[in-house]
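Engineer:
Numbering (this note's numbering), first residue to last: 242 to 479.
#1: Taking the CB atoms as reference points, tell me whether residue 364 and residue 333 lie closer together than 8 angstroms.
#2: Taking the alpha carbon of residue 402 as the point to measure from, which residue in 417, 423, 385 and 369 has its own alpha carbon closest?
#3: For residue 380, collect the residues of the same chain with a Cβ closer than 6 angstroms to its Cβ; drop the 5 residues on either side in sequence, then sort them by chain order.
#4: Comparing C-alpha positions only, which one of 417, 337, 269 and 362 sits nearest to residue 409?
#5: Mapping DSSP to helix, strand and coil, what is residue 474?
#6: Where does residue 329 land, buried or exposed, given buried means 16+ other C-beta within 10 angstroms?
#7: Can you give me the C-alpha to C-alpha distance between residue 417 and residue 306, rounded to a whole angstrom?
#8: Suppose you measure from the CA of residue 393 to the CA of residue 399; what does that come to, to the nearest Å?
#9: Compare the C-alpha of residue 476 against each of 391, 355, 445 and 367 and name the closest.
#10: Could you say which of 440, 423, 451 and 351 lies nearest to residue 472 if we only look at CA atoms?
#11: Residue 320 by DSSP, collapsed to three states: which one?
#12: Measure the alpha-carbon distance for residue 300 versus residue 272 and round it to whole angstroms.
#13: Note down, one range per segment and in chain order, each alpha helix (DSSP H) of at least 4 residues found wholly within the stretch 364-417.
#14: Count the other CB atoms, across all protein chains shown, that sit within 10 Å of the CB of residue 261; report buried if there are 16 or more and exposed otherwise.
#15: Looking at C-alpha atoms only, which residue of 339, 308, 316 and 336 is the closest neighbour of residue 326?
#16: Please go through the same chain and pick out, in chain order, the residues whose beta-carbon is closer than 6 angstroms to the beta-carbon of residue 303, but skip the five residues on each side of it.
#17: Of all the options 366, 478 and 282, which has the alpha carbon lying nearest to the alpha carbon of residue 396?
#18: Check residue 313 in the structure and name its three-state DSSP category.
#19: For residue 440, list the residues DSSP reports as bridge partners.
#20: Taking the C-alpha atoms as reference points, what is the distance between residue 324 and residue 295?
#21: Which class does residue 357 belong to by DSSP, given the choice of helix, strand or coil?
See below:
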């Protein structure tokens, strides 16, 4: 190996965020689950996971040629996306599934982005900017406007002002939070109805594709785990 190649590899190694950062983020999450009021500390990340969930519905509707009308998020951490369009049974099921699958897919993208400090910093800026953009275009509940506006400003501020070590930890912590949110609220996947909102996402899929809601809930839980594992494998295969 010549000197230039060795220098290039060393520079790439220095700029890479190690897996220990990710392990630290996961340990911090587990520890917060165990301590009193830990859920309150994680509350902002639950709101962010709800945003990922509802944005998944809305963006899927747009992808299929429909309209994403508005997004509402409430203080209890729940949310609802209002959209319209002529999708057909498979399209309706796809839009319904895009909600629960939104957080793990977003989390996987953040984990993949954490391979280098440069991409991590850029991803934080993009995420913060898109949160603020969503407030202008789709978020319509008062609580949602305030919460998403604050989250967007904080994440954007980290991307612009924080040192790269804090940026690296932040994006991996956000990625872990998004991925595991599926399992923190696993009961929702195995619920047919969602109170006054009517059918749950898995209940909606059951209506369109006939197999029972618990089958689709189990399938999405497995898919979320596969996405997490594969994102980790790709991000840290070296």
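Heads up, the beta-carbon is just placed ideally off N, CA and C, and yes, glycines get one too. Bear in mind that the values here come from a model prediction, so they are computed numbers and not experimental data.
Structural biologist: A quick look at the data gives this:
#1: Taking the first residue of the chain shown as position 1, residue 364 is located at position 123. Taking the first residue of the chain shown as position 1, residue 333 is located at position 92. In this structure, residue 333 does not lie closer than 8 angstroms to residue 364 by Cβ.
#2: The residue labelled residue 402 in the question sits at position 161 within the chain shown. Across the set 417, 423, 385 and 369, the C-alpha of 369 shows the shortest separation from the C-alpha of residue 402.
#3: Locating residue 380 in the chain shown gives position 139, where the first residue counts as 1. 312, 386 and 389, listed in sequence order.
#4: Residue 409 sits at position 168 when you count from the first residue of the chain shown. Considering only alpha carbons, the answer is 362.
#5: Translated into the one-based positions of the chain shown, residue 474 becomes position 233. In the structure shown, residue 474 sits in a helix (DSSP, three-state: H, G or I).
#6: Numbered from its first residue, the chain shown carries residue 329 at position 88. With fewer than 16 other Cβ atoms from the protein chains shown falling within 10 Å of its own Cβ, residue 329 counts as exposed.
#7: Taking the first residue of the chain shown as position 1, residue 417 is located at position 176. Taking the first residue of the chain shown as position 1, residue 306 is located at position 65. C-alpha separation (whole angstroms): 31 angstroms.
#8: If you number the chain shown from 1, residue 393 lands on position 152. If you number the chain shown from 1, residue 399 lands on position 158. A straight-line Cα-Cα distance of about 10 angstroms links residue 393 and residue 399.
#9: Here residue 476 refers to the residue found at position 235 of the chain shown. Minimum Cα distance to residue 476 is reached at 355.
#10: Position 231 of the chain shown, counted from the first residue, corresponds to residue 472. Comparing Cα positions, the closest option is 351.
#11: Within the chain shown, residue 320 is the residue found at index 79, counting from 1. Secondary structure of residue 320 (DSSP, three-state): strand.
#12: The sequence position of residue 300 within the chain shown is 59, counting from 1. The sequence position of residue 272 within the chain shown is 31, counting from 1. Going by the C-alpha atoms only, they are around 33 angstroms apart.
#13: Fully enclosed alpha helix (DSSP H) runs of 4 or longer: 383-402.
#14: Taking the chain shown and counting its residues from 1, one reaches residue 261 at position 20. With fewer than 16 other Cβ atoms inside 10 Å of its own Cβ, residue 261 counts as exposed.
#15: Counting from one through the chain shown, the residue named residue 326 turns up at place 85. It is 308.
#16: Walking along the chain shown from the start, residue 303 turns up at place 62. The residues are 309.
#17: For the purposes of this step, residue 396 is identified with residue 155 of the chain shown, where counting begins at 1. If you compare the alpha carbons of 366, 478 and 282 with that of residue 396, the shortest gap goes to 366.
#18: Reading the chain shown from its first residue, position 72 is the one you call residue 313. DSSP places residue 313 in strand when its eight states are reduced to three.
#19: Translated into the one-based positions of the chain shown, residue 440 becomes position 199. Beta-bridge pairing links residue 440 to 434.
#20: The residue labelled residue 324 in the question sits at position 83 within the chain shown. The residue labelled residue 295 in the question sits at position 54 within the chain shown. Answer to the nearest angstrom: the Cα atoms are 10 angstroms apart.
#21: As a working note, residue 357 is residue 116 in the chain shown. Assigned with DSSP and collapsed to three states, residue 357 falls in strand.
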